[in-house]
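As structure tokens, the structure follows; a few thoughts come after it.
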């Protein structure tokens, strides 16, 4: 059977089926933290902050090393010396996740829901039972650190949701008599939780006990009024009315129930992960932490923004794959369409339709207005453990109706604009790669053999890509497509400013397209005329640094108008900040702007009208 680590209860280690409780507060804390992140590095700083706490002594680093050494000595005889590996800046537990009860629980629960969605009732019932049987008490029992209490609360929410999902399965299978005592105990332990009260009312009604079902509603109303000062939610109120009129829709397997909801599904909609994902360690750690840290009553919302080609989508998809097993009800993905040249960004109502259908709602039952569809989406996500990825969003207005409601949900948004007006959102600015990381990415894409053969040409390619992963990816694709050509062939093309943008184009990938998208959206806005005219003017300059005063002199506008145009270009990611009052244009964007200026600026006589309302960027 090998080694198992169990933390759904007091922390214990089981070797070949023989469990032993682990003693020592810090040993328990370190092993638990590593087990929760099995297969992923955990930094020493995080271990010290969470296990040693605020009173970290100067010797804490040495103490951590000693604790890890003792854990290795305890675990290695059953698994091997690399069971806890030392990695850059921390440690990593190398144990299959299904050998750790917390991950096995999530896996079994997810499989149970999938089996239920396929109509495999007996299989789903067995999987639910196996998942719930893993619990031996409170998760992380005995641990009092704030991070452990938050993690324990999150896991308890997962357990209760899984229990309630199992009850739904049993109710649908006609097992209403047997679930009454289970639900009665559940309601007593969690008196303000509405879903099990609704389940208990339904079970009692189907067991020919309608008066007791109504008594449950009255008790719910009393408890909520006393504790929260509110009425029961709409689901319970509708259920009470249905019981009073003996609505046939409450009976088992009526057509009325099947008419609006399709089969429950566990969506897994992410695009494929990128096997060559390199660098961004700090950003990955931040995003994982943001998505999995719990906040009472609120979903976790992370907005990743940056200029075109910097890799926001790749980072979001990579991290979403890494944390997907934390979301038992699945992962939803929608490309919002604001990063594809010539494409109309997806309207919120269309995006809601896709999300609702992915959640099992029959297409004919999708509400006909944006507000109603958003309300239905909030209802369907309010009790689920879902990860939603909204990729390539345009602005906060496009995504605001798509934020899930449930506190066990998480949302990743990628965009070029900063979603500053989106409430309760954590923001991550993704910048260009430094030279070392850019080189590592190019080597990963291209293969070390070709780079070792022509190191100077490889470095020249990396430099001309300006730290943009998209440019590096295109360069690597061109090199791979021509194995008969030396790297210097591409390096020479990239070194020449007149051919660089042509060289950064392969198949459906092009730096020009990435830049043109930002300009395309800018032109649709009220500030598009001034900003686009300034863009062309700046492109004709050799310097990458600009100021409001310089732009005023260049355009003949008042300085305030010039500064407003620069700020709109900054928001569109066609400029970047170079300090207070200073703006920088990336070399590749400057080359594109110079191309556009050559096409649209035909001399001083035409300067004022060079960028009219009807002009379109050349791709």
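Residue numbers (the UniProt record's numbering): 1 to 619.
For every residue, glycine included, the Cβ atom is placed at its ideal position computed from N, Cα and C.
Only a predicted model underlies this, so the values are computations on that prediction, with no experimental measurement involved.
Taking all protein chains in view, the Cβ of residue 545 is surrounded by fewer than 16 other Cβ atoms within 10 Å, so the residue is classified as exposed. Here the alpha carbons of residue 542 and residue 533 stand approximately 17 Å from one another. Cβ-Cβ distances below 6 Å link residue 427 to 303 in the same chain, with the five nearest sequence neighbours on each side left out; the list follows chain order. Taking the Cα of residue 2 as reference, the smallest distance to any Cα among 83, 58 and 46 is reached at 83. The beta carbon of residue 142 lies closer than 7 Å to those of 10 in the same chain, with the five residues before and after it left out. Taking all protein chains shown into account, residue 38 has 16 or more neighbouring C-beta atoms within 10 Å of its C-beta and is therefore buried. DSSP places residue 547 in the strand class (E or B) of the three-state scheme.
Of the other Cβ atoms in all chains shown, 16 or more fall within 10 Å of the Cβ of residue 381; this residue is therefore buried. The beta-bridge partner set that DSSP reports for residue 333 consists of 389. Uninterrupted alpha helix (DSSP H) stretches at least 4 residues long and entirely within the stretch 216–246 occur at 234–244, given in chain order. Between the alpha carbons of residue 510 and residue 399 lies a distance of about 27 Å. The DSSP-derived three-state label of residue 542 is coil. With distances taken between CA atoms, residue 124 lies nearest to 266 out of 155, 60 and 266. For residue 4, there is no enclosing alpha helix (DSSP H); the enclosing beta strand (DSSP E) covers residues 3–6.
Distance check between residue 60 and each of 47, 94, 71 and 322 places 47 closest, using alpha-carbon atoms only.
For residue 584, no alpha helix (DSSP H) segment is defined; the enclosing uninterrupted segment is the beta strand (DSSP E) at 582–584.
Inclusion of residue 422 and residue 433 in the CB contact set at 8 Å is not warranted, their separation being larger than that value. Under the criterion of beta carbons closer than 8 Å, residue 50 and residue 27 do not qualify as touching, at roughly 14 Å. For a cut-off of 8 Å, the C-beta gap from residue 404 to residue 388 is around 6 Å, short enough to register as a contact.
The secondary-structure analysis by DSSP pairs residue 28 with nothing; it has no beta-bridge partner. Annotated as proximal: residue 180 and residue 200, with beta-carbon spacing under 8 Å.
A straight line joining the alpha-carbon of residue 7 with that of residue 299 spans about 25 Å. Within the stretch 272–338, the complete beta strand (DSSP E) segments of 3 residues or longer fall at 300–305 and 331–335, listed in chain order. Counting only unbroken stretches of 3 or more residues, the beta strand (DSSP E) elements lying wholly within the stretch 410–468 are 410–415 and 426–429, in sequence order. Here residue 278 has 437, 440, 441 and 444 as same chain residues with Cβ atoms under 8 Å from its own Cβ, once five neighbours each way along the sequence are excluded. Assignment of beta-bridge partners to residue 509 by DSSP yields 506. The Cβ neighbour count for residue 391, taken over all protein chains shown within 10 Å, is at least 16; the residue is labelled buried. Around the C-beta of residue 500, 16 or more other C-beta atoms lie within 10 Å, and the residue is accordingly described as buried. By a beta-carbon distance limit of 8 Å, residue 574 contacts residue 518. Their separation comes to about 5 Å. Here residue 171 carries a helix assignment [DSSP, helix/strand/coil].
Secondary structure at residue 405: coil, using DSSP grouped into helix, strand and coil. Residue burial is scored here from C-beta neighbours: residue 569 has at least 16 other C-beta atoms within 10 angstroms and is therefore classed as buried. Among the bridge pairs identified by DSSP, residue 92 is matched with 85.
Take residue 375, set aside five residues on each side of it, and the residues of its chain with a beta-carbon closer than 8 Å to its own are 367, in chain order.
Sequence-distant partners of residue 44 (beyond 5 residues in either direction) whose C-beta falls short of 8 Å from its own C-beta, in its chain, are 61, 64, 89, 90 and 91. In the three-state reduction of the DSSP assignment, residue 488 falls in the helix class.
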